[in-house]
Structures are given as structure tokens and as C-alpha cells.
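Take the sequence shown: its letter number 169 is residue 169 in the UniProt record's numbering, and every next letter is one higher.
Cβ atoms here follow ideal geometry from the backbone N, Cα and C, with glycine treated the same way.
Note that the structure is a prediction, hence the values are computed from the model and not measured.
A quick write-up on the structure given underneath.
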Amino acid sequence: MVAATLDNTLGAMEIGAMMAMFLFGILTMQFDTYFQLFTDDHLGPKIMVVIVWVLECAHTICSAAEAYRGTITYYGNIAGYQSFPLMGVATVLGALITVIAQCFFALRVWKAHTNPFRYIGAACGVASFVRAIAGIFLGTRFMVAKTLVEYRVRYGWLIRTLLGSGVAIDVVIAVSMLYFLLTKRKSGFTSTTRLVDRLLAYTVRTGLLTSVTAIIVLVTFVTIPDAYIWGGFYVFLAKLYSNSLFSALNERRRLRIIVSESSSPEMDSRAVRKLTTGGRAGAYSTPAITIEMKTTSVTAEDIDHEKGTPLYSHSRSDEHLKQTSSQLDMEH
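Have a look at this one:
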């Protein structure tokens with residue numbers, strides 16, 4: 001059993017708060033990038049982005065203020081520093097941020113898959129909502145707890161459940177999207193493969209980051225409960241979710257560039273424009289809206305008599321690329 005010391009309690013919280021402020025700076029840059037690049041997005045995503053940023057701003061203030069209490073207000077009186085009310089507020093805010101991010105990615109799973117696999121996304125969304133309720137409850141209890149030890153002993157089982165379920169939701173969402181992307185990759189089209197490879201790497205990167213951090217919080221909470229190392233990691237866990245969310249929204253620009261560069265000269269200009277503009281409401285609701293379907297019959301005039309190959313050979317690849325990008329580009 002590791003005993004609590006100044007380094008692994010107050011020091012851990014101080015490092016966690018500084019990391020949270022650093023990640024908030026990155027989030028703010030992503031916030032600014034979003035409103036510069038996606039002025040044509042409809043109101044829903046814009047409201048979501050503003051709400052998440054405001055919640056993160058309040059979360060950062062609470063984390064910094066709690067660190068101030070420990071290092072300045074209770075300087076030289078560490079024995080009297082037993083309660084963490086502002087961290088309780090941060091826990092509530094973190095629960096709200098996490099549920100927004102997880103439901104956003106769960107909605108992508110719902111839209112990407114067909115029955116019955118799409119219900120995996122619905123299940124993840126419901127589980128995330130229930131988890132948020134538990135997080136808000138724990139946050140309110142943290143606000144009024146007289147000591148950290150009392151809080152940990154009384155609600156330790158719920159904290160472990162909350163952290164474990166968070167990891168499970170992240171893994172299920174990531175695996176579901178990986179399965180969808182891998183099936184698209186097997187299409188055999190070079191242009192689609194390039195698009196999917198980028199999204200495969202992004203999905204693994206974001207899912208791994210939040211999952212590994214949540215596992216670290218869970219392991220340190222179970223193995224060294226008397227220290228506050230788990231709290232140091234938990235302070236900035238919500239920042240990883242919000243940064244993943246904003247990154248997913250901003251990644252659409254690169255996705256559209258790939259679609260545009262991979263398109264053949266014969267691709268309809270209106271279809272390309274729909275993929276590369278800001279995404280008005282309904283623009284990506286279904287593949288039928290973003291794909292201009294063409295019925296083609298092979299005739300003698302369709303054959304390149306010199307090479308003996310169909311003149312429309314790359315048309316099918318372009319339509320497949322547009323369909324794939326429309327399924328992946330879920331912004332509402």
C-alpha cells in the first residue's frame with residue numbers, strides 16, 4: 001500500500017490541473033478553427049461546439065481554483081486540506097462534456113451501420129447517458145464530502161463502475177467504426193482506400209487516447225486509493241473527449257480535400273461542391289442526397305475501340321467514394 005504524501009496528492013492534482021489548462025488551450029484553437037472553416041454548418045453543430053467550449057472553460061476554472069486552494073489557501077496546513085468541493089463541480093461538468101462527445105460518436109455508429117448493427121450505437125448512447133447521470137451524482141456528493149477518504153470509501157464501487165463503463169463504451173464505439181471502415185476498405189478502389197486509411201488511423205488514435213487514460217485512472221484508483229494520482233489523470237480526461245470531438249468536426253475539411261483530389265474530371269461539380277462546402281442541414285443526411293446516381297448501359301459507343309476498355313471505368317469508383325464519404329461525414 002502506497003502512503004499518501006504531498007507529492008502524490010497535492011502534487012498530482014497540480015500536474016493534472018496544468019495538463020488540463022494546456023489541453024484547454026488546444027481546444028480553444030480547435031474551437032476557432034471550426035468557426036473559421038465551417039461557417040456554413042447548420043445551427044446544431046455550432047450550438048454543440050459552443051456548449052462544449054463553455055463547459056470546458058468552467059471545468060478549467062474549477063480545476064485551477066482547486067489547485068489554488070491546495071497550494072495557496074491551505075499553504076502550510078495540508079492536514080486541513082481534506083475536502084475538494086471545486087473538483088466536485090469539475091466532475092459534474094466533466095460528466096456533461098463526456099456524454100456529449102460519446103453520444104456524438106455513438107450517433108456516427110448509428111448512421112454508418114445498417115440493422116441490426118446500428119443498434120450498437122443506440123446502446124452506447126443510452127449507456128453514456130446513464131453514465132452521465134451517475135457522474136453528476138458523484139460530483140454533487142464530492143462537493144459536500146468532508147474528506148476525500150470518506151468519499152472514496154463510500155462511493156468507490158460507483159467510481160469503479162463509472163470508469164470501467166466509460167472504457168467499455170469507448171472501445172465498443174471504436175471497434176464498431178473500425179469494422180465499418182474496414183468493410184469499406186475492401187471495396188478495392190484506390191481513392192476510397194486512401195480516404196478510409198486516414199479515418200482508420202484517426203479512429204484508432206482518438207479511441208486509444210481516451211481509453212488508455214481512463215484505464216490509468218481506474219488502475220491507480222484501485223491499486224493506490226490513498227494517493228490522488230487517479231484524480232490527477234481524471235482532471236484532464238474530459239479534455240481528451242472534447243478535443244476528440246472538435247478534431248472529428250475539423251477533420252471533415254481534410255476528408256473533403258481527399259474526396260476532391262481523388263475525383264475524376266467527369267465527377268459532377270455539384271456533387272463535389274456538396275462534399276467540400278460547410279454542410280448545410282440535410283446535405284449529408286443520406287447518400288441519396290449527396291450522390292447523383294446515373295444509370296448507364298454499355299453500348300458500342302461506350303467502348304474505347306483502341307484499348308477495348310469502357311470509357312466510364314472510373315465512374316463507379318467516384319460514386320463509391322462519394323457514398324463512403326457521405327456515410328462517414330456525420331456532422332448532425
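Continuous alpha helix (DSSP H) stretch holding residue i: start and end
i: PRO225; result: Segment: none, PRO225 is in no alpha helix (DSSP H) and carries neither H nor E.
i: VAL54; result: 43–68
i: THR33; result: 12–37
Alpha-carbon spacing of residue i relative to residue j, whole angstroms
i: ALA227; j: THR9; result: 5 Å
i: PHE84; j: LEU163; result: 19 Å
i: ALA67; j: ASP32; result: 28 Å
i: ASN77; j: ALA134; result: 33 Å
i: MET18; j: ALA64; result: 8 Å
i: HIS42; j: ALA168; result: 32 Å
i: ALA3; j: VAL149; result: 13 Å
i: ALA95; j: PHE38; result: 27 Å
i: ARG160; j: PHE180; result: 31 Å
i: ILE171; j: TYR241; result: In the sequence on display, residue 171 carries Val and not Ile. If I take the Cα positions, the gap works out to 13 Å.
i: VAL212; j: THR203; result: 14 Å
i: ASN115; j: PHE22; result: 41 Å
i: MET143; j: ARG254; result: 43 Å
i: HIS113; j: VAL196; result: 15 Å
i: ARG69; j: ASP7; result: 16 Å
i: ILE136; j: VAL54; result: 17 Å
i: GLN82; j: PRO225; result: 15 Å
i: THR5; j: GLY80; result: 14 Å
i: ARG205; j: ARG198; result: 11 Å
i: THR210; j: ASP40; result: 30 Å
i: THR147; j: CYS57; result: 26 Å
Contact with chain B by residue i, beta-carbon distance below 8 Å
i: PHE35; result: This model lacks chain B altogether, as it is built from one protein chain only.
Distance between beta carbons of residue j and residue i, contact taken as under 8 Å
i: PHE24; j: LYS239; result: 6 Å
i: ALA106; j: ILE173; result: 6 Å
i: ARG131; j: SER176; result: Actually they do not touch by this definition, with Cβ atoms about 17 Å apart.
i: GLY232; j: ALA90; result: With a Cβ gap of about 12 Å, GLY232 and ALA90 do not count as contacting.
i: ARG141; j: TYR119; result: The Cβ separation is near 33 Å, so there is no contact.
i: ILE97; j: HIS59; result: 7 Å
i: LEU237; j: ALA201; result: Actually they are not in contact, since the Cβ atoms of LEU237 and ALA201 sit about 22 Å apart, beyond 8 Å.
6 Å CB neighbourhood of residue i in its chain, flanking five on each side removed
i: LEU245; result: ALA101 and PHE104
i: TRP230; result: VAL217, THR220 and PHE221
Contact set for residue i: own chain, Cβ-Cβ below 8 Å, skip 5 residues either direction
i: ILE51; result: ILE100
i: CYS62; result: LEU86, MET87, VAL89, ALA90 and LEU93
i: VAL235; result: MET13, GLY16, ALA17, MET19, ALA20, SER63, MET87 and ALA90
i: LEU178; result: LEU200, THR203 and VAL204
Same chain only: Cβ atoms within 7 Å of residue i, ignoring 5 sequence neighbours per side
i: ILE15; result: GLY232
i: LEU158; result: ALA134 and LEU138
**Request:** May I have a chain-ordered list of the alpha helix (DSSP H) segments no shorter than 4 residues that lie completely inside the region 79–162?
**Result:** If only complete runs of 4 or more residues are kept, the region 79–162 shows the alpha helix (DSSP H) at 85–112 and 118–144, in order along the chain.
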